[in-house]
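A.B. asks: Numbering (this note's numbering), first residue to last: 16 to 938.
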RNA sequence: AGGCGCGUAGCUCAGUGGUAGAGCGCUGCCUUUACAUGGCAGAGGAGGGGGUUCGAAUCCUUCCGCGCCUACCA
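#1: What did DSSP end up calling residue 830 once you bin it into helix, strand or coil?
#2: Could you pull out every residue in the same chain whose Cβ sits closer than 6 Å to the Cβ of residue 730, ignoring the five residues on either side in sequence?
#3: Can you tell me whether residue 496 is buried or exposed, with buried defined as 16 or more other CB within 10 angstroms of its CB?
#4: Can you tell me where the alpha helix (DSSP H) with residue 632 in it begins and where it stops?
#5: For residue 92, list the residues DSSP reports as bridge partners.
#6: Just to confirm, are residue 573 and residue 553 a CB contact at a threshold of 8 Å?
#7: For residue 337, which residues from the same chain have a beta carbon less than 7 Å from its beta carbon, with the 5 sequence-adjacent residues on both sides left out?
#8: Bridge partners for residue 481 per DSSP, in chain order?
#9: Beta-carbon within less than 8 Å of residue 717's beta-carbon, same chain only, minus the 5 sequence neighbours each way: which residues are those?
#10: Return the CA-CA distance between residue 232 and residue 243, expressed in angstroms with no decimal places.
#11: State buried or exposed for residue 204, treating a residue as buried only when at least 16 other CB atoms are found within 10 Å of its CB.
#12: Determine the DSSP secondary structure at residue 60, reduced to helix, strand or coil.
#13: Can you give the beta carbon distance from residue 93 to residue 18, rounded, assuming they're within the 8 Å contact cut?
#14: Does the beta-carbon distance from residue 258 to residue 226 come in below 8 Å?
#15: Would you list the one or two residues that DSSP bridges to residue 232?
#16: So, helix, strand or coil for residue 321, using DSSP?
#17: If I follow the unbroken beta strand (DSSP E) through residue 187, where does it start and stop?
#18: Whole alpha helix (DSSP H) runs in the segment 396 to 456 with 4 or more residues, listed along the chain?
#19: Can you give the Cα-Cα distance for residue 181 and residue 445, rounded to whole angstroms?
#20: When the Cβ atoms of the segment 735 to 752 are set against those of the segment 634 to 644, are three or more pairs found closer than 8 Å?
#21: Please list the terminal residues of the continuous alpha helix (DSSP H) segment that includes residue 842.
#22: State the beta-bridge partners of residue 211 as determined by DSSP.
#23: Keeping to the same chain, check which residues put their C-beta closer than 8 Å to that of residue 918; ignore five residues upstream and five downstream.
#24: Using 8 Å as the Cβ pair cut-off and three pairs as the minimum, do the segment 664 to 682 and the segment 589 to 603 touch?
#25: Less than 8 Å between the CB atoms is what I'm expecting for residue 808 and residue 840, so what's the real figure, rounded?
#26: In the DSSP assignment, what residue or residues form a beta bridge with residue 503?
#27: Using DSSP bridges, identify the partner residues of residue 569.
#28: Tell me the rounded alpha-carbon separation between residue 421 and residue 289.
#29: Does the segment 702 to 714 touch the segment 613 to 628, meaning 3 or more C-beta pairs lie closer than 8 Å?
#30: What do you reckon, is the C-beta of residue 881 under 7 Å from a heavy atom of the ligand COA?
#31: Pull up the distance between the alpha-carbon of residue 372 and that of residue 260, whole angstroms please.
#32: Taking the alpha helix (DSSP H) that residue 713 falls in, what are its first and last residues?
#33: Could you give the first and the last residue of the continuous beta strand (DSSP E) run that contains residue 266?
#34: In terms of DSSP beta bridges, what is residue 371 paired with?
#35: By Cβ distance below 7 Å, which residues in the same chain neighbour residue 608 in space, the five residues on each side in sequence not counted?
#36: Give me, in chain order, the residues of the same chain whose beta-carbon lies closer than 6 Å to that of residue 946; leave out the 5 immediate sequence neighbours on both sides.
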């Protein structure tokens with residue numbers, strides 16, 4: 016006996032274990048079946064399941080379970096990402112609680128500690144994925160720092176290093192240039208790891224005295240006065256008349272007191288600020304470009320913790336003084352002609368050493384003001400780049416890093432999407448992909464961290480670099496180069512986490528070994544992810560997959576939206592509107608959560624989700640459970656001998672036919688990644704059609720339990736319920752499997768591998784549909800009239816049917832039991848003679864219902880319907896006629912197309928005539 | 001600044017030129033033995049302008065409002 020209520024918590028864990036034990040999630044590389052592959056976007060090993068995970072993994076599991084039921088050999092590849100920065104931060108925080116700094120531990124000990132942490136706490140998210148019901152092939156679980164995957168990373172690095180583009184440049188190379196530096200994490204980060212936040216700051220207008228012209232200033236505007244210590248020029252636009260005479264002269268850099276060149280450069284925009292802009296090549300990306308173009312010195316004045324460091328401007332000072340006569344002259348002039356106050360106190364600059372950049376900013380502004388060099392300060396709101404992990408403003412710093420020449424790799428990836436070898440769903444995301452890929456920048460792949468794949472490059476004491484997959488190979492190469500063994504030290508940096516994630520679709524399958532799995536499951540079928548990860552991950556997988564395997568890593572990229580709260584706000588800790596999926600699972604069951612997600616998810620749409628939504632879909636789970644209880648109570652059991660093609664009753668044929676349409680709709684919706692349509696089709700069929708109508712119609716039939724009709728209805732109900740369970744299984748795996756097992760549709764834990772339903776052959780479906788539609792409509796109309804007339808529920812009213820055809824009355828009589836029950840009617844009688852006084856008349860197309868105590872209801876609706884239908888058909892006919900009149904169309908279209916249009920025109924014209932005649936009859 | 005998207009019932013959203021739909025909420029009625037986590041019935045709707053069309057939620061155009069992405073902001 017089924018329990019009165021469904022208790023998900025006890026059932027879910029038992030079923031999941033049962034499936035896992037039975038190997039129900041496993042792929043079979045030796046099977047004949049066509050494979051179907053989804054690579055899981057590996058969650059961070061530090062992660063715990065949040066709503067975004069719940070969405071993406073529900074979608075993936077729904078697809079996986081559906082394809083598995085279709086008989087495909089599915090591989091849903093599980094795994095986690097080592098998440099370099101995130102994980103290192105977690106462990107460092109733990110150590111900090113014990114008062115330990117990783118630098119005191121040393122690299123080796125620290126990494127050991129991270130692995131230990133991973134062993135203890137890294138399994139959180141995989142346990143949580145099980146709670147969600149995710150049918151991942153667990154024995155194949157991978158981690159981005161597994162030996163195999165690490166070997167793949169090194170191989171990729173070495174091969175890209177050894178590959179050169181047309182201009183002879185390596186695809187991986189070292190370069191000294193400006194990078195996004197995160198001063199909190201003390202590492203370089205890529206452009207993508209930078210988030211812009213709007214900051215209400217100030218724009219400071221600073222007067223730089225012009226050398227040799229006493230009393231004249233050139234004013235620059237800046238949001239970052241602290242970087243002025245590193246200014247090496249002031250740029251004006253070459254066409255800017257205001258400053259033309261100053262080009263080539265020197266300005267005195269306040270505070271420090273030495274001259275810097277005034278240069279003409281297109282970068283300067285006369286419209287912005289004062290039209291003159293200070294150039295700090297070592298701390299601003301635009302200034303860096305100007306610095307390269309103008310061959311300016313590039314001293315850094317901030318160190319890796321974003322504190323002021325004067326070391327680099329001191330040598331710059333002396334070099335220039337000794338090497339440049341003009342400069343020396345300018346300096347002498349300036350010193351001679353300007354009051355000393357314009358240069359500030361040398362001790363002030365020294366006092367900045369070691370100050371945080373924002374403290375330095377305050378001090379500098381105050382000092383400039385004191386010196387009378389601060390022209391004005393304006394409030395200024397602007398976007399400031401922040402590290403996405405640390406949340407602090409990034410500091411552009413001039414450092415040597417490893418770069419990947421993404422431009423070369425991007426080209427074939429772009430082409431693959433252009434030619435449709437990989438398609439995005441929804442398609443508009445292809446634009447986003449193209450826009451970024453066509454203007455892709457060199458990818459900074461080195462990180463100053465300890466946790467990650469250490470860069471496989473070794474240096475000799477002379478600075479020669481030896482890139483190799485192993486230290487032995489590097490040593491061998493060095494021996495060959497030097498003719499003797501030399502001491503090598505490995506590059507300290509590790510690779511960007513996304514470098515290894517980009518290999519995920521093939522590194523997990525054993526690449527570079529030529530494994531059976533690699534041949535069979537690559538390329539994957541669909542990648543499911545959010546749009547926020549298109550650049551980070553999808554693009555990199557495309558580039559690396561195509562480069563190393565010659566084929567795209569997946570055929571389809573399905574992009575889903577973001578999970579938001581009920582009001583459409585992004586979920587965030589600071590807003591306190593986080594919804595915990597595990598809490599929802601505890602309260603409502605995994606099925607309710609999963610079905611809610613499916614019902615609210617369509618391509619490219621954000622999902623607004625709150626507990627109330629899940630609660631309402633939990634009712635659907637309850638409804639299904641109760642429908643099953645009804646079946647149980649009425650001895651409805653799976654019957655292998657039941658054959659839908661031999662259904663004889665209109666009722667059974669009708670429900671089978673409706674089931675067929677639900678099957679078709681659900682399948683088509685999943686095929687198109689329209690999860691809400693899939694959910695809606697199942698929901699409507701189960702609740703509205705099966706429960707609200709079929710079961711109610713079945714009740715009087717089942718009352719005579721031994722009658723052949725009752726047997727047929729029982730067989731049909733069991734058959735249809737079985738198919739409902741199959742249809743719903745991808746979205747609601749637990750309750751469906753439980754009912755499947757309990758009813759004995761198959762072995763325990765077998766629904767997961769049972770075939771996805773096929774439409775049944777149903778005899779005379781159209782006639783059955785027609786008849787049941789009539790009955791449903793009759794009952795609905797009667798109910799409606801009863802409510803409108805305030806007929807007390809307790810009274811059973813006779814229904815008077817007036818109809819020209821005896822057949823209609825006979826049909827009604829056939830359904831009398833159901834009508835009695837559902838319309839609360841006492842009897843169905845033909846109406847003879849006059850309309851009874853004070854009675855209601857209801858026109859139902861071919862029949863008339865008359866109820867007591869009512870006014871007459873008219874028949875305009877039917878007339879309007881016919882008229883509109885006629886107009887519509889006439890419109891279509893006109894269009895076809897126009898097409899046929901078009902000489903061009905007739906000449907160019909193949910004869911059969913023209914003929915087809917002629918036929919359509921004739922049909923339309925006949926329809927018009929028929930509708931016209933029907934209208935005449937009504938009027 | 002550029003790009004993408006959105007605007008339909010109180011709310012969340014479907015609907016690719018032909019009678020405006022669903023879920024939730026709301027109102028009323030009903031404990032009829034699967035289910036009150038239920039059943040039945042009902043009220044309630046196209047951001048503004050212009051255009052194409054016999055016909056526009058749908059196609060075009062414009063304005064307004066909103067969201068997101070990218071770049072830049074001295």
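Heads up, the beta-carbon is just placed ideally off N, CA and C, and yes, glycines get one too.
C.D. replies: The relevant details are as follows:
#1: If you number the first chain from 1, residue 830 lands on position 815. Coil.
#2: The count along the first chain starts at 1 and reaches residue 730 at position 715. Taken in chain order, the residues that qualify are 654 and 657.
#3: The sequence position of residue 496 within the first chain is 481, counting from 1. Exposed is the call here.
#4: Walking along the first chain from the start, residue 632 turns up at place 617. From DSSP, the alpha helix (DSSP H) with residue 632 extends over 626 to 648.
#5: As a first step, residue 92 must be located in the first chain, where it is residue number 77. DSSP lists 54 as partners of residue 92.
#6: To locate residue 573, count along the first chain from 1; it is residue 558. To locate residue 553, count along the first chain from 1; it is residue 538. The answer is no: Cβ separation not under 8 Å.
#7: Sequence index remark: in the first chain, residue 337 carries index 322 (1-based). Because residue 337 sits at a pLDDT of 48, beneath the cut-off of 50, its placement in the model cannot be relied upon, and the following sentence gives the value as read from the coordinates. Within the same chain, residue 337 has no close Cβ partners at all.
#8: Within the first chain, residue 481 is the residue found at index 466, counting from 1. The partner list for residue 481 (beta bridge, DSSP) reads 473.
#9: Position 702 of the first chain holds residue 717. Result list for residue 717: 649, 725, 728 and 729, in chain order.
#10: Position 217 of the first chain, counted from the start, is the residue given in the question as residue 232. Position 228 of the first chain, counted from the start, is the residue given in the question as residue 243. Their backbone Cα atoms lie some 16 Å apart in a straight line.
#11: Here residue 204 refers to the residue found at position 189 when the first chain is read from its first residue. Counting Cβ neighbours within 10 Å, residue 204 comes out buried, since at least 16 surround it.
#12: The sequence position of residue 60 within the first chain is 45, counting from 1. In this structure, residue 60 counts as coil in the three-state DSSP scheme.
#13: Sequence index remark: in the first chain, residue 93 carries index 78 (1-based). Sequence index remark: in the first chain, residue 18 carries index 3 (1-based). No, residue 93 and residue 18 are not in contact; Cβ-Cβ is about 33 Å, not under 8 Å.
#14: Taking the first chain and counting its residues from 1, one reaches residue 258 at position 243. Taking the first chain and counting its residues from 1, one reaches residue 226 at position 211. Going by C-beta atoms, residue 258 is not nearer than 8 Å to residue 226.
#15: In the first chain, counting from the first residue as 1, residue 232 sits at position 217. Bridge partners of residue 232: 224.
#16: Within the first chain, the letter at position 306 stands for residue 321. The answer is coil: DSSP assigns residue 321 none of H, G, I, E or B.
#17: Your numbering for residue 187 matches position 172 in the first chain. Where residue 187 is concerned, the enclosing beta strand (DSSP E) stretches over 187 to 197.
#18: 421 to 433 and 444 to 453
#19: Within the first chain, numbered from 1, the residue matching residue 181 stands at position 166. Within the first chain, numbered from 1, the residue matching residue 445 stands at position 430. Each residue's alpha carbon lies about 27 Å from the other.
#20: yes
#21: One-based indexing of the first chain puts residue 842 at position 827. First-last for residue 842: 840 to 845, but that is the beta strand (DSSP E), not the alpha helix (DSSP H).
#22: As a working mapping, residue 211 is identified with position 196 in the first chain. Paired residue(s): 400.
#23: On the first chain, position 903 is the one that residue 918 refers to. Excluding residues within five positions, none has a Cβ falling inside 8 Å.
#24: no
#25: One-based indexing of the first chain puts residue 808 at position 793. One-based indexing of the first chain puts residue 840 at position 825. Actually they are not in contact, since the Cβ atoms of residue 808 and residue 840 sit about 13 Å apart, beyond 8 Å.
#26: Here residue 503 refers to the residue found at position 488 of the first chain. Bridge partners of residue 503: none, in fact.
#27: On the first chain, position 554 is the one that residue 569 refers to. According to DSSP, residue 569 bridges with 539.
#28: Residue 421 sits at position 406 when you count from the first residue of the first chain. Residue 289 sits at position 274 when you count from the first residue of the first chain. C-alpha separation (whole angstroms): 38 Å.
#29: no
#30: The ligand content of the structure shown is nil, which means the ligand COA is not present either.
#31: Stepping through the first chain from its first residue, residue 372 is reached at position 357. Stepping through the first chain from its first residue, residue 260 is reached at position 245. Rounded to whole angstroms, residue 372 to residue 260 spans 35 Å at the Cα level.
#32: Within the first chain, numbered from 1, the residue matching residue 713 stands at position 698. It spans 710 to 718 - the alpha helix (DSSP H) in which residue 713 sits, taken as one unbroken run.
#33: If you number the first chain from 1, residue 266 lands on position 251. Unbroken beta strand (DSSP E) run through residue 266: 265 to 267.
#34: Against the first chain, residue 371 aligns to sequence position 356. Partner(s): 322.
#35: To locate residue 608, count along the first chain from 1; it is residue 593. Excluding sequence neighbours, residue 608 sits near 69, 596, 599, 600 and 629.
#36: The question about residue 946 has no answer, for the chain in this structure spans 16 to 938.
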